[in-house]
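To start, the structure under review is shown below, and the notes come after it.
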Amino acid sequence: MSHQDPNCIFCKIVAGQIPSRKVYEDEELYAFHDIHPWAPVHFLLIPKRHIASMAQLAPADEGWMGRLMVLAPKLALEQGCNPYPEGGFRMVCNTGIEGGQEVQHLHWHVMGGPRPWARG
Ligand code: 5GP
Ligand code: ZN
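Shown next, in the form of structure tokens:
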């Protein structure tokens, strides 16, 4: 997991060159609070290795991807999301320009908490 992009803001966060409010870390994954939260709980869950978006995923990524999906609900609860089904959370992965992606390092938004913040 050493592939980093020196110009990537999330690679710099993983490397500790830009500070972040860490939620979780292991060998392959990193999670930190979004700097501009738009939900009471809003953190980002990313692979440490630089991957631009979901469009670049390959079969070799299935292992950590699966782990990330199993980890997300656990972290959501730890961060203050209420339990399913009354609580829950939303997980979003913007991909590409038409997908609204602004930072070109693969990331999932995990958002939850009491709900006036979201519609639909
Ligand atoms: P995107 O539109 O690419 O899906 O979302 C990128 C997210 O990264 C945005 O919600 C934005 O607030 C967050 N973000 C951008 N720069 C930083 C940063 O330096 N630190 C943190 N913690 N979040 C950031
Ligand atoms: Zn990166």
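Going by full-length UniProt numbering, the first residue of the sequence shown is number 1, and it counts up by one from there. Every residue, glycine too, gets a C-beta built ideally from N, C-alpha and C. None of these values were measured; they are calculated from a predicted model.
Checklist entry - What is the DSSP secondary structure of Gly66, counted as helix, strand or coil? => result Three-state DSSP puts Gly66 in a helix.
Checklist entry - Just the Cα atoms here: how many angstroms apart are Pro83 and Met111? => result Each residue's alpha carbon lies about 13 Å from the other.
Next on the checklist: According to DSSP, simplified to helix, strand and coil, what is Val103?
Outcome noted: Val103: coil per DSSP, three-state reduction.
Item to check | Contact set for Pro47: own chain, Cβ-Cβ below 7 Å, skip 5 residues either direction | outcome: Non-local C-beta neighbours of Pro47 in its own chain, meaning closer than 7 Å and more than five positions away in sequence, comprise Glu28, Leu29, Trp64, Leu106, ordered along the chain.
Checklist entry - Which one of Ile18, Phe43, Pro6, Ser53 has the shortest CA to CA distance from Val103? => result Ranking the options by Cα distance to Val103, first place goes to Ser53.
Next on the checklist: Rounded to whole angstroms, what is the Cα-Cα separation between Phe43 and Leu77?
Outcome noted: Rounded to the nearest angstrom, the two C-alpha atoms are 12 Å apart.
Item to check | Nearest neighbour of Gly80, chosen from Arg115, Gly66, Val92 [CA to CA] | outcome: When only C-alpha atoms are compared, the closest one is Arg115.
Checklist entry - Which residues in the same chain have their Cβ closer than 7 Å to the Cβ of Gly113, if we skip the five residues on either side of it in sequence? => result Ala39, Pro40, Val41, Gly80, Cys81.
Item to check | DSSP three-state assignment for Ala76, whether helix, strand or coil | outcome: In this structure, Ala76 counts as helix in the three-state DSSP scheme.
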